[in-house]
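In structure tokens, the structure reads:
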């Protein structure tokens, strides 16, 4: 299964170059997962609650089975560790997501941040950085934060 996903990544990148890709493509899934993982690792404490929240978000967002989500996370963690910056991943999302889909990514980021019940200064920094890279206005980022706080 791991090899299958790696092959999909390679073929998806080639296909993207040839004909464009939809928001359900493997590259977009990996980019989204990498961003969520980066947020979870921002405070140097990747908790089981954060992991469970990421699994739930990815499963719901991309309509995946448990095994598919687990494999997506493995591939995405490998991509995250091998990357020198986060821009590459936000760029993929910017190319394939509309403004509302990017706003939902920011909403999901707040879910990861508050999975442990608190906002760390490093998490605060990364949500601002990611929102900027995703071209989500500051006002909308704060709106997503307040929405999360009110409903949880």
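Numbering (my numbering), first residue to last: 2 to 153. No residue lacks a Cβ here, since even glycine has one placed at the ideal position from N, Cα and C. In this text, all values refer to a predicted model and were calculated from it rather than measured experimentally.
Query                                                                                     : Result
Limits of the unbroken alpha helix (DSSP H) element including residue 138                 : Taken as a continuous stretch (DSSP letters only), residue 138 belongs to no alpha helix (DSSP H), as it is neither H nor E.
Meets three-Cβ-pair contact criterion under 8 Å: the region 84-102 and the region 119-136 : yes
Residue 75: CB within 7 Å of a non-hydrogen atom of the ligand SAH                        : Within the structure as shown, the ligand SAH is missing, as the structure has no ligands at all.
Option in 68, 57, 82, 67 with minimal Cα separation from residue 43                       : 82
Residue 120 to residue 105 span [Cα, whole Å]                                             : 19 Å
Helix, strand or coil at residue 58 according to DSSP, with G and I counted as helix      : helix
DSSP three-state assignment for residue 120, whether helix, strand or coil                : coil
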